[in-house]
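K.L.:
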Amino acid sequence: MKLFLTALVFFLFGQSAVAAMAPVKSLTVCPAQRFDDPSCRNVPIAELDPQGRDVWIRATVDVAPSEEPMGLYVLAKASSEAWVNGVRVGNNGKPGASRALETPGRMDSVFYLRNGLLRPGSNEIVLRMSSFHGTVHLSQPVHWIAIAPYSDPTDMLLRLYWPSLVTFGVLLAGAFFFASSALSAVNRRDPLLLALLSLLAAAQLFAETYRGLTAYAYPVHDGRLIAITTLSVAFGITLAGLIVWRFVERRRLMVLGSIAGLMLVPLVLMPGFDGKAAFSLLAAAVACAAVAGRVALKGDRAGMVACGVLGVFAGSVLVFQDIFLNTVFFYEVAAVLLVLFAIRAFGFERERREHEKERLRAHDLEAALARGTQPVTLRINAAGRVDIVKASDIILCKGADDYVELQLVDGRTILHNGGLTELESELPASFLRVHRSFIVNTAFVEKLTRDATGTGVLTLSTGAQAPVSRRIMPKVRSALS
């Protein structure tokens with residue numbers, strides 16, 4: 002929170018105006034307007050708590066001379082009424098002694114201080130504050146009270162959140178991209194989970210920056226914090242689902258339930274909502290890194306990458322605790338999405354090239370099946386001799402390292418000292434390379450079998466078989482029909 006407030010001050014006022022700022026650090030809190038009451042006590046601003054109470058507050062701040070218009074800022078989950086040097090400067094909502102008597106004010110407010118009201122040196126601030134319309138009890142409901150150059154606090158908060166909002170487009174693009182990818186994918190689970198992760202991060206970013214988008218009443222602040230924490234937990238569980246289903250083969254639900262149980266620990270023990278949200282994400286990241294690390298130790302490259310990324314993610318929660326949920330989290334998610342976009346783009350290009358190759362092979366197969374076989378003889382370099390073999394007698398060619406195994410119609414198998422690609426250039430058009438290691442004589446094709454994955458097997462009249470890739474399958478079926 003301290004680092005967040007430091008960034009807030011810098012972004013709100015800039016370096017030149019910080020000298021004119023006078024924040025309240027400690028104050029006197031009383032249950033009534035009499036500040037000599039024995040029940041009054043001095044507290045730091047971090048311990049000021051008007052929730053469920055109607056309190057009076059007095060503080061003294063030293064203000065440096067300034068020509069700028071000045072204001073009294075009260076950023077708190079409370080309604081307030083303010084006096085400066087004995088002069089009433091306004092109210093934010095209407096504080097009262099009960100829920101019925103109180104009118105909720107804005108979460109972030111500023112009271113304009115007219116010229117001549119402030120004096121160089123010591124100035125007295127008196128506030129009446131109440132907070133009866135909250136949903137949950139916050140550990141630090143008052144964020145900042147200060148005299149500083151006058152401006153709209155909501156607009157200035159937006160400037161603080163603006164760097165994070167830059168990632169909003171990337172997060173939404175990720176949600177739509179992976180959701181659309183799932184429509185044509187064989188494995189729809191992973192892209193759907195990635196789409197959900199992107200959507201949850203985008204929703205959390207909106208909830209996080211909502212304070213800078215509109216001047217909401219203070220009761221909304223509780224709902225905003227609950228939304229941020231809920232979305233963080235949902236993100237962590239979705240991330241765990243993606244990792245568990247990718248790297249765990251058995252008892253997946255038990256592992257996922259264990260990770261969810263681990264995330265409950267900070268949700269119960271951490272006092273503030275920021276801590277609940279950040280450390281539930283930390284628990285999910287550490288657990289997922291352990292799952293990925295287990296397969297990484299066995300040499301799985303995907304596990305190594307996932308373990309490394311999750312380790313960086315977990316480390317950033319600890320290193321950037323005060324700004325992780327405000328900024329760092331969204332940049333990390335956006336960076337991962339951009340990498341996945343690039344990987345997917347390269348994959349699309351590779352698939353396009355493979356599709357073009359398969360299209361050409363399918364065309365060759367159609368032509369070969371239409372023309373039939375051609376009487377061609379080949380010189381086969383066997384061990385210590387040269388055999389002359391008719392191409393029409395060859396059933397299929399199977400490549401293996403630096404030699405090719407030829408299966409002949411008479412049942413013989415001979416070896417050719419040479420590469421499959423070199424031999425392919427000498428074979429007639431009735432031969433087709435249907436696999437990296439197989440060339441078949443289409444004159445002997447008898448049956449085509451297709452399996453659930455889209456690949457297939459060509460069965461020849463001799464009983465021999467050769468695999469057929471998924472993309473060439475439609476052309477093969479059309480040609481054989």
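Just so you know, the working numbering puts 431 at position 430 of the sequence shown, and the rest follows in order with no gaps.
Here a beta-carbon is modelled for each residue, glycine too, at the ideal position from N, C-alpha and C.
#1: Please report the straight-line C-alpha distance between GLY258 and VAL292, rounded to a whole angstrom.
#2: Need the endpoints of the beta strand (DSSP E) that TYR113 sits in, please.
#3: Short of 8 Å in beta carbon distance, which residues of its chain neighbour GLY419, apart from the five on each side in sequence? Order them along the chain.
#4: CA-CA distance, ASP153 and ASN116?
#5: For ILE1 and VAL85, which I take to be in contact (beta-carbon distance under 8 Å), what is that distance rounded to the nearest angstrom?
#6: If we count Cβ pairs, one from each stretch, closer than 8 Å, do we get three or more for the stretch 140-160 versus the stretch 241-260?
#7: Out of curiosity, what's the CA-to-CA distance linking GLN34 and PHE314?
#8: Could you tell me which residues DSSP pairs with ASP388 in its beta bridges?
#9: The alpha helix (DSSP H) with HIS222 in it runs from where to where?
#10: I'd like the list of long-range same chain contacts for GLY400, defined as Cβ closer than 6 Å, with 5 residues on each side in sequence excluded.
#11: Short of 7 Å in beta carbon distance, which residues of its chain neighbour PRO66, apart from the five on each side in sequence? Order them along the chain.
#12: Is LEU206 near SER233, with beta carbons less than 8 Å apart?
#13: Rounding to the nearest angstrom, what Cα-Cα distance links PRO24 and ALA285 in this structure?
#14: Would the beta-carbon of ALA176 fall within 8 Å of that of ALA203?
#15: Which class does SER462 belong to by DSSP, given the choice of helix, strand or coil?
#16: Counting beta carbon pairs with one atom in the stretch 209-220 and one in the stretch 155-169, are three or more of them shorter than 8 Å?
#17: Please state whether DSSP places ILE473 in a helix, a strand or coil.
#18: Check for me: the alpha helix (DSSP H) holding LYS277 runs from which residue to which?
#19: Less than 8 Å between C-beta atoms, sequence neighbours within five positions excluded: which residues of the same chain meet that for ARG107?
#20: Leaving out five residues on either side along the sequence, give the residues of the same chain with a beta carbon under 6 Å from the beta carbon of ALA363.
#21: Select from MET71, SER470, PHE178 and SER462 the residue whose C-alpha is nearest the C-alpha of ASP452.
#22: Leaving out five residues before and five after ARG478 in sequence, what residues of the same chain have Cβ atoms less than 8 Å from its Cβ?
#23: What residue does the alpha helix (DSSP H) around GLU425 start on, and which one ends it?
#24: Determine the direct distance from the alpha carbon of THR231 to that of ALA129, and round the result to whole angstroms.
#25: By the DSSP assignment, the alpha helix (DSSP H) with GLN205 in it spans what residues?
#26: What residues are listed by DSSP as bridge partners for VAL405?
#27: Ordered along the chain, which non-local residues of its own chain (more than five positions away) have a Cβ less than 6 Å from that of ARG189?
#28: Can you check which of these residues, ILE389, GLN408, ASP388 and LYS391, is closest to LEU397 by C-alpha distance?
#29: Is the Cβ-Cβ distance between PHE342 and PHE178 less than 8 Å?
#30: Grouping DSSP H, G and I as helix and E and B as strand, with all else coil, what is PRO154?
#31: Can you grab the Cα-Cα spacing for the pair ASP365 / PRO429, in whole Å?
#32: Measure the CB-CB distance between THR443 and SER426 and report whether it falls below 8 Å.
#33: How should GLU357 be labelled, buried or exposed, when 16 other C-beta atoms within 10 angstroms of its C-beta is the threshold for buried?
#34: Please name the residue, chosen from ASN327, VAL458, GLU68 and MET271, that lies closest to VAL167 on a Cα-to-Cα basis.
#35: In three-state DSSP terms, what is MET22?
#36: Would you list the residues sitting across from HIS526 in a DSSP beta bridge?
P.N.:
In brief:
#1: 13 Å
#2: 109-114
#3: ASN382, ASP403, TYR404 and VAL405
#4: 18 Å
#5: Beyond the ends of the chain as shown, which are 2 and 482, falls residue 1; an answer cannot be given.
#6: no
#7: 50 Å
#8: ILE381
#9: 219-248
#10: LEU421 and SER438
#11: PRO121
#12: no
#13: 38 Å
#14: yes
#15: coil
#16: yes
#17: coil
#18: 274-297
#19: ASN93, GLY94, ALA216, TYR217, ALA218 and TYR219
#20: ILE473 and LYS476
#21: SER470
#22: LEU449 and ARG451
#23: 421-425
#24: Residue identity check: residue 129 is Arg in the sequence provided, not Ala. Taking the straight line from one Cα to the other gives about 33 Å.
#25: 190-214
#26: GLY400 and HIS417
#27: ALA183
#28: GLN408
#29: yes
#30: helix
#31: 11 Å
#32: no
#33: exposed
#34: ASN327
#35: coil
#36: This structure gives no information on residue 526, because the portion of the chain shown stretches from 2 to 482.
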